[in-house]
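Trainee: Start counting the sequence shown at 0; every next residue gets the next number (numbering that gives the first Met the number 0).
Think of the CB as a built atom: it goes at the ideal place given N, C-alpha and C, for glycine as much as any other residue.
This is the structure I have questions about; it appears just below.
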Amino acid sequence: MSLKPDVDHSAEVDELLPVNMDLAVKHGKLAEAVEALMTLEKRCRLHNDWKSVDRVCVGIVQACWQTKDLQALNENVVVLCKRRGQSKTAQTKLVQEAMSYLDSLESEDACTELIKTLRNVTEGKIFVELERARLTKRLCAIKEKAGEIKDACDILNEVQIETVASMERREKSEYVLEQMRLLLEIGDFTRTNIISKKINRKVLADEAFEDVKITFNQYMVRYHDHKNNYMDIFRCMNSIYNTAIVKNDLERRTQVLKEASSFLVLAPHDNEQNDFLHRIKEDATLEKIPAYSQLYKYMTTKELIVWSAVDTQLKPDLFGTGAFGGADADRRWSVFKDRVTEYNIRIIGMYYDRMTIKRLTELLHLSQDETETIVSKLVTDKIVWARMDRPANIIVFQQPKTVDDVLNHWNNNIDSLLEKVETVSYTHLTLPTKRIV
């Protein structure tokens, strides 16, 4: 496309554009004015006068809008965009001009019709992909308002927003969040997880995007809640807790920590979970929540936890808050009881090499079947090492050492002994000698 026009029609456009605008607006002869401007646009396009083409195209759209002829507006937008050899800048400008009218339309039907027209003419055109993405988001908002959430979700998620290079990072991130929200509304958790990966983690780490980070993690909490991934829920809540927005709001900080703490105690035991238990226990904000502060003292002290004490003393304050609130409160409280039992078994395994099953059931306040079930689960998950001797009614927690282990242990002891012998400082005693006279 040549930058320099073959014939400069700018003077002709300066003369004819205002005349035809007056003809359309003041005299009501829109059809005649559009026909004259279409002829002018063709001459400018054939002579490669692209600046004049842009002005005429926008003028036609403005004439249709000012006469309130929405049907003509839709028709002429399509005609102008489909003209042979039409410039990209002209199409972009007339689409942007038509988009500016959407806020002024009082009828949702008229607004929807114009959006659909603009989406049709921008389909498959990279140079107007930003405008098309914005139009799609607006159309989805209208459909959601009308109760067509499924259609809105399908339409919005057709947009591969990560490929729209001209969109700013914040707008792109908010677009992905909207896609996630609609997917969660219709219960499509699999696609929610896929779409969530479109948000760049560097964006979430940026302090200027903390509001985006909070919203993103709130949506991921809903996803992980559906999957009962308690540790993942804690990670999301912990990310929210560590934002400056939450840290600077005492009431919100306390509430978020309460929720995060409740999900952490529900998570299966591993090194990460144990590490976070000790970190949260040292958090000064936890002291403002006495029930959770006491609970974390129980969970980080290497002593048996008496479930009856927890159930009677802490349940009134814990139940109904954080993870223990809502429709799943009873089920999660039962999970919490299992976690306490698992904790007690780990503590017993630290202090005892072997124990009778009867004594173990007494310490855990469980039946023999319940005890065997939980121990079996912990062994399967490789959290503890244990073996049951049913004929002897004994459970062994000490893993037997192999010949190599015993030999290595003996060798280490010998090395340690020799090292100590070498470092011992002997005091040389001088024996008295007998003088010979």
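#1: How long is the line joining the alpha carbons of E361 and F275, rounded to whole angstroms?
#2: Assuming K257 and Y291 make a contact with CB atoms under 8 Å, what is their CB distance in whole Å?
#3: DSSP on K280, reduced to helix/strand/coil?
#4: Based on the DSSP output, what are the partners of V395 in its beta bridges?
#5: May I have the straight-line CA-CA distance separating G27 from E143, to the nearest angstrom?
#6: Is R82 helix, strand or coil when you go by DSSP?
#7: Can you tell which of Q90, R330, E105 has its C-alpha closest to the C-alpha of V120?
#8: Confirm, please, whether the CB-CB distance from I279 to T253 is below 8 Å.
#9: Excluding the 5 residues flanking I213 on each side, which residues of the same chain have their C-beta closer than 7 Å to its C-beta?
#10: From which residue to which residue does the alpha helix (DSSP H) around Y240 run?
#11: Where does E128 land, buried or exposed, given buried means 16+ other C-beta within 10 angstroms?
#12: Taking the alpha carbon of I114 as the point to measure from, which residue in D205, R330, A132, G325 has its own alpha carbon closest?
#13: Mapping DSSP to helix, strand and coil, what is Y222?
#14: Is it right to say W384 is buried, meaning 16 or more other beta carbons lie within 10 angstroms of its own, or is it exposed?
#15: State the DSSP-derived secondary structure class of P267, mapped to helix, strand or coil.
#16: Which ranges would you report for the alpha helix (DSSP H) in the stretch 2-27 if only whole runs of at least 4 residues count?
#17: Measure the alpha-carbon distance for D337 versus S375 and round it to whole angstroms.
#18: What's the C-alpha gap between Y342 and M349?
#19: Rounded to a whole number of angstroms, what is the C-alpha to C-alpha distance between L303 and I394?
#20: Helix, strand or coil: which one does DSSP assign to D205?
#21: Can you find at least 3 beta carbon pairs, one from the stretch 264-275 and one from the stretch 217-232, that sit closer than 8 Å?
#22: Please determine if the stretch 10-18 and the stretch 38-46 are in contact, where contact requires at least 3 C-beta pairs separated by less than 8 Å.
#23: Got a sec, what are the start and stop residues for the alpha helix (DSSP H) F188 sits in?
#24: Can you tell me whether Q70 is buried or exposed, with buried defined as 16 or more other CB within 10 angstroms of its CB?
#25: Using a Cβ-Cβ cut-off of 7 Å (strictly less than) and excluding sequence neighbours within five positions of H46, which residues of its own chain qualify?
#26: Which term fits E250, buried or exposed, when burial requires 16 or more other beta carbons within 10 angstroms of its beta carbon?
#27: Pick out whichever of I356, K246, D404, L365 has its Cα sitting closest to the Cα of D388.
#28: Ends of the alpha helix (DSSP H) at Y439?
#29: Given R118, which residues of its chain have a CB within under 8 Å of its CB, disregarding the five upstream and five downstream residues?
#30: Buried or exposed for W49, going by 16 or more other Cβ atoms inside 10 Å?
#31: On the three-state DSSP scale, how would you describe D380?
#32: Should the stretch 318-336 be called in touch with the stretch 365-372, which here means at least 3 C-beta pairs below 8 Å?
#33: Quick one: residues in its chain with C-beta nearer than 8 Å to the C-beta of V420, no 5 flanking neighbours on either side, listed in chain order?
#34: How is I304 classed by DSSP in three states: helix, strand or coil?
#35: For the alpha helix (DSSP H) that K36 lies in, which residues bound it at each end?
#36: Could you tell me the distance, in whole angstroms, from the CA atom of Q272 to the CA atom of N237?
Mentor: Once the coordinates are examined:
#1: CA-to-CA, the gap between E361 and F275 works out to about 30 Å.
#2: The Cβ separation is near 6 Å, so the contact holds.
#3: Correct three-state label for K280: helix.
#4: In DSSP, V395 forms a bridge with R353, R386.
#5: Using only the alpha carbons, I get a separation of about 38 Å.
#6: Coil.
#7: Nearest of Q90, R330, E105 to V120, Cα basis: Q90.
#8: For the pair T253 and I279, the CB atoms are not nearer than the 8 Å cut-off.
#9: If we look at I213 and ignore the five residues flanking it on each side, its Cβ neighbours are I239, T242, I244.
#10: Annotation: the continuous alpha helix (DSSP H) that includes Y240 extends over 229-240.
#11: E128 comes out buried.
#12: I114 has its Cα closest to that of A132, out of D205, R330, A132, G325.
#13: Three-state result, Y222: helix.
#14: Exposed, because fewer than 16 other Cβ atoms sit within 10 Å of the Cβ of W384.
#15: Annotated three-state conformation of P267 is coil, per DSSP.
#16: Secondary structure within the stretch 2-27: the alpha helix (DSSP H) runs of 4 or more consecutive residues, fully enclosed, are 9-24 (chain order).
#17: In this structure, the straight-line span from the alpha carbon of D337 to that of S375 is close to 13 Å.
#18: In a straight line, the C-alpha of Y342 is about 11 Å away from that of M349.
#19: A direct Cα-to-Cα measurement between L303 and I394 gives close to 18 Å.
#20: It is coil, neither helix nor strand.
#21: Look at the beta carbons and you see the stretch 264-275 touching the stretch 217-232: at least three pairs across the two are nearer than 8 Å.
#22: Yes, since at least three Cβ pairs between the stretch 10-18 and the stretch 38-46 fall closer than 8 Å, the two stretches touch.
#23: Annotation for F188: the continuous alpha helix (DSSP H) segment containing it runs 188-195.
#24: Classification of Q70: exposed, given that the 10 Å Cβ count is below 16.
#25: Within its own chain, the residues whose Cβ lies closer than 7 Å to the Cβ of H46, once the five positions on either side in sequence are excluded, are P4, D5, V6, H8, listed in chain order.
#26: Its Cβ having fewer than 16 others within 10 Å, E250 is exposed.
#27: Nearest option by C-alpha distance: I356.
#28: This structure cannot settle anything about residue 439, because the visible part of the chain is limited to 0 through 436.
#29: Counting only residues of its own chain and dropping the five nearest sequence neighbours on each side, R118 has a CB closer than 8 Å to the CB of R131, L134, T135, L138.
#30: Answer is buried; the Cβ neighbour count reaches 16.
#31: The answer is coil: DSSP assigns D380 none of H, G, I, E or B.
#32: No contact exists between the stretch 318-336 and the stretch 365-372.
#33: Take V420, set aside five residues on each side of it, and no residue of its chain has a beta-carbon closer than 8 Å to its own.
#34: Coil.
#35: It should be pointed out that residue 36 corresponds to Leu in this sequence rather than to Lys. Taken as a continuous stretch (DSSP letters only), the alpha helix (DSSP H) holding L36 covers 29-45.
#36: Each residue's alpha carbon lies about 12 Å from the other.
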